[in-house]
Amino acid sequence: MLLRFSRNLFFAALAVLFALPIFSLVMVFLTENIGNGIGLLSTLLPEYTFNTIVLMIGAGAVVLFVGVMSAWFITYYSFPGRRIFEVALFLPLSIPGYIVAYVYVNTFGFAGPVQSTLREVFGWGKGDYYFPDVKSLFFCVLIIGFNLYPYVYMLARTAFIAIRNSVAVATTLCCSRYKILLSVVIPAVWPSVVAGIFLVLMEVVADFGTPQFLTINTFTTGIYRHWFLLHDKYSACLLALIAISLMFCLIAVEKWLRREDASYSTIKMNTNYCHRWHFNSKWVLAFIYLVCTLTVFMGFILPIVPLICWTFERVSQTNWHEFFIALTNSVGISAAAALIVVTISIIMACFARERGGLTYVVRFLSMGYAIPSTITAVGIVILLGEVSRFINDHFFGIALIGTVVGLLYAYTFRFLAASVGPIESGFNKIPREVDWSARLMGHGAVHTCVNVHIPMLKKSILVGFLLVFIDSIKELSATLIIRPFNFETLSTRIYELVGDERQMDAAPYALAIVFLGFIAVIILCQIFQYDKVQENRVNSYRP
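According to this note's numbering, the residues represented by the sequence shown are 396 to 938, in order.
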């Protein structure tokens with residue numbers, strides 16, 4: 396009885412905490428004076444909408460082509476360097492989009508080394524040559540696309556691996572590669588590809604740093620501008636509610652498109668066997684190398700090389716005391732957020748395992764990942780302001796806005812889904828017989844979770860921790876809005892230095908974020924590779 400009450404109280408408290416920021420936005424929208432909001436939105440809303448939709452369509456097309464093609468080549472073709480590309484194609488996940496944008500602007504801008512070298516070599520003046528404007532929708536699409544394609548690559552590759560038995564059977568039936576692609580592969584991997592694309596589309600809508608550095612007006616940059624610069628709360632809340640509605644529409648469409656998601660092959664075979672095609676055409680090999688190399692170059696090598704060069708150039712001029720303070724703050728707050736989120740995720744998954752109906756509540760509480768960080772931050776600022784006012788009026792003086800508590804609240808709200816997914820997946824791999832055996836031995840649900848489940852979930856917990864940790868390290872908009880006064884992190888220092896036209900001074904901070912993300916991605920790749928080897932070893936002994 397006590398366990399049931401605690402479970403219900405836990406989920407009710409979480410539901411309230413996760414619903415209040417959105418409820419606060421709605422209340423401000425309904426009660427705030429319209430003022431100049433209608434006039435501003437009538438001129439700026441079409442631009443916000445157009446730019447956001449163009450970025451969604453363009454980035455979706457880029458990740459669809461790059462992610463699916465690279466996953467297809469890595470899974471089904473044998474060529475020199477395949478294993479290197481298999482890991483290298485994940486590396487863009489370690490670099491935030493706003494760092495890529497800042498590097499591209501500083502490299503390809505008018506005062507950057509590329510255009511400066513062209514003018515020096517050919518003796519050109521300002522109007523003597525044409526060079527594409529880096530701060531444009533086209534470059535923004537490329538930057539976001541080559542930064543987010545690993546989502547589609549990862550899901551498409553997983554789907555390709557899952558159906559390789561079917562592909563092997565189709566090959567033995569003398570089906571051509573073209574027919575296998577159309578008749579077997581595309582119908583089977585379609586649900587996973589759709590899931591990856593819609594995840595990218597939600598990331599595009601939620602992205603603040605990349606459009607901000609490229610001066611592209613989108614919903615998220617508009618929310619920040621109207622709330623904090625123009626002090627137009629009505630317009631900011633209206634834009635936030637439009638963006639939230641767009642997010643939920645994307646989720647609904649994605650669910651509808653995947654309504655017939657089913658397993659296309661239930662045949663269990665030894666997964667050590669994987670048929671890979673060889674080819675005699677040098678043109679095909681050249682095309683494979685072009686796609687894979689260009690993808691890694693645009694998404695990882697091109698951003699990382701200038702950062703390393705600028706960091707070495709600024710070694711003597713960098714304030715390393717400020718750097719280590721920002722690094723300590725980033726690592727500390729991110730580790731604390733990851734620990735809180737993982738703990739909540741474990742409790743949620745344990746309760747949901749005991750009572751299957753709570754799975755839908757877990758899904759609801761994981762929806763925070765679909766809400767842009769800028770909107771989350773604004774909602775939390777409103778909520779904490781009202782709570783602080785209530786406490787000051789009735790009890791004692793306190794300020795919750797601009798505190799570490801508010802920042803941890805935002806990270807927990809935003810990144811809970813990143814931890815719940817791996818941990819819930821880990822729970823699903825534990826047979827129910829383990830729970831029944833523990834119960835027969837007289838152990839309760841709490842004892843079973845602590846002493847049986849958690850030791851079996853070490854890798855899933857580590858994956859969830861790393862995902863939340865690196866997402867928190869890279870987070871810009873929520874940190875910028877909610878952080879305590881004079882509390883600097885790596886991401887906020889980058890934003891401030893770039894805003895002060897000190898792009899090269901921001902390189903050490905950006906390189907630190909990339910290094911932390913790189914380590915996390917390598918660890919995750921090693922975990923996934925180890926799990927695949929273990930699964931193959933188990934399957935090889937199955938009759």
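Don't be surprised by glycine CBs; every beta carbon is placed ideally from N, CA and C. Bear in mind the structure is a predicted one, so any value in this text is a computation, not a measurement.
- Per DSSP, the unbroken alpha helix (DSSP H) holding Trp-705 starts and ends at 697-708.
- When the five nearest sequence neighbours on each side are left out, the beta carbons in the same chain lying within less than 6 Å of the beta carbon of Met-743 are those of Val-757, in order along the chain.
- Between the region 819-838 and the region 871-887, the count of C-beta pairs closer than 8 Å stays below three; the two stretches do not touch.
- Contact annotation: the region 411-430 does not touch the region 496-510, with fewer than three C-beta pairs closer than 8 Å.
- Between Leu-802 and Val-782, the C-beta spacing is not below 8 Å.
- Assignment of Arg-478 by DSSP, reduced to helix, strand and coil, places it in the helix class.
- Here Ile-539 has Leu-450, Ala-454, Gly-492, Val-599, Asp-602 and Thr-605 as same chain residues with Cβ atoms under 7 Å from its own Cβ, once five neighbours each way along the sequence are excluded.
- The Cβ atoms of Glu-749 and Ala-840 lie closer than 8 Å to each other.
- Linking Leu-596 to Phe-822 through their CA atoms gives a straight-line distance of about 29 Å.
- With 16 or more other CB atoms across the displayed protein chains lying within 10 angstroms of its CB, Ser-465 is buried.
- Ranking Gly-774, Pro-441 and Ala-765 by CA distance to the CA of Glu-649 puts Ala-765 first.
- Rounded to whole angstroms, Asn-403 and Ala-733 show a C-alpha spacing of 24 Å.
- Cβ neighbours of Gln-607 within its own chain (closer than 6 Å, five residues either side excluded): Thr-616.
- When only Cα atoms are considered, Thr-502 and Pro-701 end up about 8 Å apart.
- By the beta-carbon neighbour count (other beta carbons within 10 angstroms, threshold 16), Val-800 is exposed.
- Here Arg-878 is actually not in contact with Tyr-904; their C-beta atoms are around 15 Å apart, not less than 8 Å.
- Secondary structure note for Tyr-806: its alpha helix (DSSP H) is the uninterrupted segment 799-823.
- Sequence-distant Cβ neighbours of Met-851 in its own chain, meaning closer than 7 Å and more than five residues away, are Ile-825.
- Judged by beta-carbon spacing, Ser-725 lies within the 8 Å limit of Leu-885, meaning their Cβ atoms are closer than that value.
- Burial is judged here by how many other beta carbons sit within 10 angstroms of a residue's own beta carbon; Cys-644 has fewer than 16 and is exposed.
- The residue among Tyr-443, Phe-526 and Val-580 with its C-alpha nearest the C-alpha of Tyr-471 is Val-580.
- Cβ contact annotation for Ile-646 (same chain, cutoff 7 Å, sequence separation greater than five): Ala-765, in chain order.
- With respect to Val-815, Ser-867 sits apart: the two C-beta atoms are not nearer than 8 Å.
- Within a 10 Å sphere around the beta-carbon of Leu-689 sit fewer than 16 other beta-carbons, which makes this residue exposed.
- Cβ-Cβ distances below 6 Å link Val-529 to Tyr-499, Val-500, Phe-503 and Gly-504 in the same chain, with the five nearest sequence neighbours on each side left out; the list follows chain order.
- When DSSP states are grouped into helix, strand and coil, Ala-902 belongs to the helix group.
- Using a 10 angstroms sphere on the CB of His-848, the tally of other CB atoms reaches 16 or more, which defines it as buried.
- For Ile-786, the uninterrupted alpha helix (DSSP H) run begins and ends at 768-789, by DSSP.
- With distances taken between CA atoms, Leu-543 lies nearest to Val-495 out of Val-495, Trp-519 and Gly-522.
- Residue state for Asp-830 is assigned as helix, using DSSP reduced to three classes.
- When the Cα atoms are used, Leu-636 and Ile-818 turn out to be separated by approximately 31 Å.
- Rounded to the nearest whole angstrom, the CA to CA distance from Pro-545 to Cys-844 is 33 Å.
- Taken in chain order, the complete beta strand (DSSP E) segments of 3 or more residues contained in the region 821-897 number zero; there are none.
- Taking a C-beta distance under 8 Å as the contact criterion, Phe-541 and Val-461 qualify as a contact pair.
- Within the same chain, Cβ atoms closer than 6 Å to the Cβ of Ala-483 are found at Val-691, the five residues on either side in sequence being excluded.
- The distance from the Cβ of Thr-706 to that of Ala-902 is about 5 Å, consistent with a contact at the 8 Å cut-off.
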